[in-house]
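*Asks:* Got a structure for you, written out below as structure tokens; questions coming shortly.
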Amino acid sequence: MNKPSRHGETHIEEWDEHHPGFPTLMVFIHREGQSEWATFKADWHQSSHLLVARRGQALMGFLRFAIQPIGPDADCPPIQFQGNNLLEAKVLAFAVDKAYRRQGIGRKLQEALIQRAQALGCHQIRSHSGGDQLANHHLKLALGYGIHPIVRGADKRGAYFILPLSAVKSPQPHRKVRGPTKRGT
Ligand SMILES: CC(C)(COP(=O)(O)OP(=O)(O)OC[C@H]1O[C@@H](n2cnc3c(N)ncnc32)[C@H](O)[C@@H]1OP(=O)(O)O)[C@@H](O)C(=O)NCCC(=O)NCCS
Numbered sequence: 157m158n159k160p161s162r163h164g165e166t167h168i169e170e171w172d173e174h175h176p177g178f179p180t181l182m183v184f185i186h187r188e189g190q191s192e193w194a195t196f197k198a199d200w201h202q203s204s205h206l207l208v209a210r211r212g213q214a215l216m217g218f219l220r221f222a223i224q225p226i227g228p229d230a231d232c233p234p235i236q237f238q239g240n241n242l243l244e245a246k247v248l249a250f251a252v253d254k255a256y257r258r259q260g261i262g263r264k265l266q267e268a269l270i271q272r273a274q275a276l277g278c279h280q281i282r283s284h285s286g287g288d289q290l291a292n293h294h295l296k297l298a299l300g301y302g303i304h305p306i307v308r309g310a311d312k313r314g315a316y317f318i319l320p321l322s323a324v325k326s327p328q329p330h331r332k333v334r335g336p337t338k339r340g341t
């Protein structure tokens, strides 16, 4: 179990299975009940990435995402734009240790995700969140994600969250939109 520490700097790093801390990270992920999602592989994954939040030796959180074309995981053909398959970063596992929640670590992991997804050429970030994961819903909405409610089995409060990166990375200077004038023009 991580020993809670409120002091020290939080580092967000990308780890792979060669990192010396990897076995400890796997134990942490297992304790959070997310082993299956942290190791799930699919034909449409182009690459897989694991972000880790740590303070000193203490592991505080993780976020795993896969880079994939948009479409095939929903049994649809790849979505294309200007002759290219559009890519997305699909979040498959994400948690912060209970002892460290509400300290901004989930937000930091999400910010690192946005940077990595942009660098990897993604059009969007997407994730599914079950209806009982309200903290995650609030975090995604606070970050500006769009929400698409979806029924999965008995869960009617779950949703897909989508963040279009084109909107994040290149806000175009825009002309002020005028409201209706008295003449109705
Ligand atoms: C979702 C989760 C990762 C958030 O991590 P966190 O480090 O506590 O989140 P942060 O401290 O960065 O919170 C950022 C913002 O998210 C929102 N938020 C986070 N937890 C919240 C909660 N319990 N209730 C309401 N809003 C919440 C707030 O807007 C918060 O900003 P604020 O603290 O300034 O109000 C964490 O709650 C968790 O691990 N939950 C269990 C696993 C899970 O649901 N994973 C996601 C789906 S797989």
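Taking the numbering used here, the leading residue of the sequence shown gets 157, the next gets one more, and so forth. All C-beta atoms, glycine included, are put in the ideal place defined by N, C-alpha and C.
(1) When we look at the beta-carbon of residue 278 and count the other beta-carbons within 10 Å, is it buried (16 or more) or exposed?
(2) Do you know how far the Cα of residue 217 is from the Cα of residue 167?
(3) With respect to 6 Å, is the separation between the Cβ of residue 285 and the closest non-hydrogen atom of ligand 1 below this value?
(4) In the DSSP output, what is residue 240 paired with across the bridge?
(5) Go ahead and label residue 266 buried or exposed: buried means 16 or more other beta carbons lie within 10 angstroms of its beta carbon, across all protein chains shown.
(6) Cα separation between residue 165 and residue 268?
(7) I think residue 243 touches residue 270, with their Cβ atoms under 8 Å apart; what is that distance to the nearest whole Å?
(8) Ligand 1 and residue 260: does the residue's C-beta get closer than 6 Å to at least one heavy atom of that ligand?
(9) May I ask you to check if the CB of residue 263 is nearer than 6 Å to at least one heavy atom of ligand 1?
(10) Check residue 108 in the structure and name its three-state DSSP category.
(11) Opposite residue 319 in the DSSP bridges: which residues?
(12) Mark residue 179 as exposed unless 16 or more other C-beta atoms lie within 10 angstroms of its C-beta, in which case mark it buried.
*Replies:* With the structure as the only source:
(1) buried
(2) 10 Å
(3) yes
(4) 237
(5) buried
(6) 15 Å
(7) Contact flag wrong, Cβ pair sits at about 14 Å.
(8) yes
(9) yes
(10) Examination of residue 108 is not possible in this model, given that the chain is present from 157 through 341 alone.
(11) 281
(12) exposed
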